[in-house]
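Visitor:
Residue numbers (the numbering used here): 2 to 513.
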């Protein structure tokens, strides 16, 4: 048993770009770095990200500016993007330390629209679930209905999201089926009682109470607190009462409240930990901090962050999964669109020949590559040496020959159960996200699943997958996947290899 730290940020950015914004303070990087205890996982939930049509088209080929900014900051600190999901203005990005690469499994995203009766995604939720060392985690970023008097609409939004989110992992299908749940976002609950007007304050009165640090008086008319106490919304979750000033609404580029609106704690982070024991591991969740960041003033909201520690135990289970529509089996090469998510890539790239699979009886196992070199020897939180018996092992590839078919050989462990859309991607060695593949091939293991012993698979990659020559090395990643609307797990990584382009053999008519 050991602890994982999770650092969550929620921020309504009011369609603003990060540009020259410094995010170190927001992520509390400097203080963590001094104490040598950077979080294991960063979860960034944004609302009102600029999602006009031209930006949506741009983001098909390039990462969102906020994602790029976060990558620039966190890549040198050995983080990678485990998952990034956007629904119009709602954006959630999950960064994980590379040393946990093999232990983040069954990643899946879902989203729900609640704007305009469920037809528009300006309001709603993006949910990401994953398994981490055998414990299930669900992360929900939501933006609920606005305005003081719209409490019933916010409650309805919550109920709609809770009922509509359905994942593929059978035992963690719904939000509250998970061991740990974190629900955050611009929940938009206000300091206003629509049922008893005599309790309400004017915007100026609320501002004065904030200046006097009389926050407890304001909590009494906080709509979220009332809805939780009455069991109408979010009562399954826990929130440490805010000890920071209301985070909405501010005059842009200042710390002054906009007196056209009542100040309110719109931006919240709630949580839940399941109480149970997993093979000598008692699940436990502890909230370390809960604060706002008033120095960030590009928006009319202030960002809010919270850090948690959770108990985890390396315990992998072969979850049953619910099959969703299967994609056509074909190979793809992405040169100018390397960052396009798989579901987009399959729609815009040209179909080529089916995957060519060969098998033999060679059950020899190769040593698993050492991808935990960044872990200090004295790191008491280092992963166990015995990672898992579900790791796909690649035979070392000496070189990648451009403009030629490349044969990749890998070993499936005993009783491995693949998804209905397993695939292998070619990545830069220093990849910062699973969406950064340069090319990929699907694998068809349907005929192999019934065999109880390990077996070696040979997979031919298309000759159209050309890697940059002399520009670093590359790795192969194997993904267990149930398809476009299902979960995905990275279950194998090769040793790094270079790419070359061999000179063509001379034609007979050119030889003297």
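Backbone N, C-alpha and C fix where the C-beta goes; we use that ideal spot for every residue, glycine too.
Is residue 301 closer than 8 Å to residue 15 when the C-beta atoms are compared?
Guide: Mapped onto the chain shown, residue 15 falls at position 14. Mapped onto the chain shown, residue 301 falls at position 300. Result yes, Cβ atoms of residue 15 and residue 301 sit closer than 8 Å.
Visitor: Based on the DSSP output, what are the partners of residue 137 in its beta bridges?
Guide: Counting from 1 along the chain shown, the entry for residue 137 is found at position 136. Paired residues: 132.
Visitor: Assuming residue 193 contacts residue 263 under a Cβ cut-off of 8 Å, what Cβ separation, rounded to an integer in Å, is found between them?
Guide: Position 192 of the chain shown, counting from 1, holds the residue named residue 193. Position 262 of the chain shown, counting from 1, holds the residue named residue 263. Indeed they touch by this definition, with Cβ atoms about 6 Å apart.
Visitor: In whole angstroms, what is the alpha-carbon distance linking residue 31 and residue 73?
Guide: For the purposes of this step, residue 31 is taken as residue 30 along the chain shown, with counting starting at 1. For the purposes of this step, residue 73 is taken as residue 72 along the chain shown, with counting starting at 1. Spanning the two alpha carbons is a distance of roughly 15 Å.
Visitor: Hey, how far is the Cα of residue 267 from the Cα of residue 303?
Guide: Your numbering for residue 267 matches position 266 in the chain shown. Your numbering for residue 303 matches position 302 in the chain shown. When rounded, the distance between both Cα atoms is 10 Å.
Visitor: Quick one: is residue 106 buried, meaning 16 or more other Cβ sit within 10 Å of its Cβ, or exposed?
Guide: Along the chain shown, read from residue 1 onward, the residue named residue 106 stands at position 105. With 16 or more Cβ atoms within 10 Å of its Cβ, residue 106 is classed as buried.
Visitor: Under the assumption that residue 113 contacts residue 94 (Cβ atoms under 8 Å), give the Cβ distance between them as a whole number of angstroms.
Guide: The count along the chain shown starts at 1 and reaches residue 113 at position 112. The count along the chain shown starts at 1 and reaches residue 94 at position 93. About 19 Å separates the two Cβ atoms, so there is no contact after all.
Visitor: DSSP three-state call for residue 418: helix, strand or coil?
Guide: For this step, residue 418 is matched to residue 417 along the chain shown. Of the three classes helix, strand and coil, the one that applies to residue 418 here is coil, per DSSP.
Visitor: Apart from the five residues on each side of it in sequence, which residues of its chain come closer than 6 Å, Cβ to Cβ, to residue 137?
Guide: Position 136 of the chain shown, counted from the start, is the residue given in the question as residue 137. If we look at residue 137 and ignore the five residues flanking it on each side, its Cβ neighbours are 173, 179 and 180.
Visitor: Please tell me whether residue 102 and residue 145 are closer than 8 Å, where the distance is taken between their beta carbons.
Guide: Here the question's residue 102 lines up with position 101 in the chain shown. Here the question's residue 145 lines up with position 144 in the chain shown. Contact: no.
Visitor: Going by beta carbon distance, what residues of the same chain come within less than 7 Å of residue 503, once the five residues before and after it are set aside?
Guide: Taking the first residue of the chain shown as position 1, residue 503 is located at position 502. Closer than 7 Å at Cβ, skipping near neighbours: 402.
Visitor: Taking only the alpha-carbon atoms, compute the straight-line gap between residue 247 and residue 201 and give it to the nearest angstrom.
Guide: For the purposes of this step, residue 247 is identified with residue 246 of the chain shown, where counting begins at 1. For the purposes of this step, residue 201 is identified with residue 200 of the chain shown, where counting begins at 1. Cα to Cα, the separation comes out at about 15 Å.
Visitor: For my contact list, residue 228 and residue 156 are in at a C-beta cut-off of 8 Å; report their separation, rounded to the angstrom.
Guide: Taking the chain shown and counting its residues from 1, one reaches residue 228 at position 227. Taking the chain shown and counting its residues from 1, one reaches residue 156 at position 155. Contact flag correct, Cβ pair sits at about 6 Å.
Visitor: Excluding sequence positions up to five away, which residues of its chain have a Cβ less than 7 Å from the Cβ of residue 1?
Guide: Residue 1 is absent from the model: the chain starts at 2 and stops at 513.
Visitor: Figure out for me which residue from 133, 217, 190 and 108 has the closest Cα to the Cα of residue 148.
Guide: Counting from one through the chain shown, the residue named residue 148 turns up at place 147. Selected option, being the one with the closest Cα: 190.
Visitor: By the 10 Å Cβ neighbour count, where 16 or more other Cβ atoms means buried, how is residue 120 classified, buried or exposed?
Guide: Mapped onto the chain shown, residue 120 falls at position 119. Its Cβ having fewer than 16 others within 10 Å, residue 120 is exposed.
Visitor: At a cut of 8 Å, does the stretch 475 to 487 reach the stretch 424 to 432 through at least three beta carbon pairs?
Guide: Touching, yes.
Visitor: Roughly how many angstroms lie between the CA atoms of residue 196 and residue 154, to the nearest whole one?
Guide: Taking the first residue of the chain shown as position 1, residue 196 is located at position 195. Taking the first residue of the chain shown as position 1, residue 154 is located at position 153. Between residue 196 and residue 154, the C-alpha separation is close to 15 Å.
Visitor: What is the DSSP secondary structure of residue 392, reduced to helix, strand or coil?
Guide: The residue you call residue 392 lines up with position 391 of the chain shown. Residue 392 falls in the coil class under three-state DSSP.
Visitor: Can you list, in chain order, the residues of its chain whose CB lies under 8 Å from that of residue 400, leaving out five sequence neighbours each side?
Guide: Against the chain shown, residue 400 aligns to sequence position 399. Contacts found: 498, 499, 500 and 501.
Visitor: So is residue 34 buried or exposed if we call it buried at 16+ other beta carbons inside 10 Å?
Guide: The sequence position of residue 34 within the chain shown is 33, counting from 1. Exposed.
Visitor: Taking the DSSP output, what are the residues bridged to residue 286?
Guide: For the purposes of this step, residue 286 is identified with residue 285 of the chain shown, where counting begins at 1. Note: residue 286 sits in a beta bridge opposite 311.
Visitor: Could you spell out where the beta strand (DSSP E) holding residue 461 opens and where it closes?
Guide: On the chain shown, position 460 is the one that residue 461 refers to. Run containing residue 461: 456 to 462, per the beta strand (DSSP E) assignment.
Visitor: Assign residue 117 to one of two classes, buried (16 or more other C-beta atoms within 10 Å of its C-beta) or exposed (fewer than that).
Guide: The sequence position of residue 117 within the chain shown is 116, counting from 1. By the 10 Å Cβ count, residue 117 comes out exposed.
Visitor: I need the boundaries of the beta strand (DSSP E) containing residue 206, first residue and last residue.
Guide: For this step, residue 206 is matched to residue 205 along the chain shown. Note, residue 206: premise wrong, no beta strand (DSSP E); alpha helix (DSSP H) at 204 to 212.
Visitor: At the level of alpha carbons, what is the spacing between residue 96 and residue 198?
Guide: Here residue 96 corresponds to residue number 95 of the chain shown, with the count starting at 1. Here residue 198 corresponds to residue number 197 of the chain shown, with the count starting at 1. One C-alpha to the other measures close to 44 Å.
Visitor: What residue ranges within the stretch 86 to 160 form continuous alpha helix (DSSP H) runs of no fewer than 4 residues, ordered along the chain?
Guide: You should have found no qualifying run.
Visitor: Just tell me which of 161, 463 and 434 has its CA closest to the CA of residue 440.
Guide: Along the chain shown, read from residue 1 onward, the residue named residue 440 stands at position 439. When each option's Cα is compared against that of residue 440, the closest is 463.
Visitor: Taking just the CA atoms, how far does residue 252 sit from residue 133?
Guide: Counting from one through the chain shown, the residue named residue 133 turns up at place 132. Counting from one through the chain shown, the residue named residue 252 turns up at place 251. Those two C-alpha atoms are separated by around 40 Å.
Visitor: Going by DSSP in three states, residue 216 sits in which element: helix, strand or coil?
Guide: Taking the first residue of the chain shown as 1, we reach residue 216 at position 215. Looking at residue 216 - three-state DSSP - the assignment turns out to be helix.
Visitor: May I ask you to list the residues that DSSP assigns as paired with residue 434?
Guide: In the chain shown, the residue the question calls residue 434 occupies position 433. Note: residue 434 sits in a beta bridge opposite 82.
Visitor: Could you check where the beta strand (DSSP E) with residue 485 kicks off and where it finishes?
Guide: Your numbering for residue 485 matches position 484 in the chain shown. No beta strand (DSSP E) holds residue 485; DSSP gives it neither H nor E.
Visitor: What separation, rounded to the nearest whole angstrom, lies between the Cα atoms of residue 230 and residue 208?
Guide: Counting from 1 along the chain shown, the entry for residue 230 is found at position 229. Counting from 1 along the chain shown, the entry for residue 208 is found at position 207. So the two alpha carbons sit approximately 25 Å from each other.
Visitor: Roughly how many angstroms separate the alpha carbons of residue 482 and residue 166, rounded to a whole number?
Guide: On the chain shown, position 481 is the one that residue 482 refers to. On the chain shown, position 165 is the one that residue 166 refers to. Taking the straight line from one Cα to the other gives about 19 Å.
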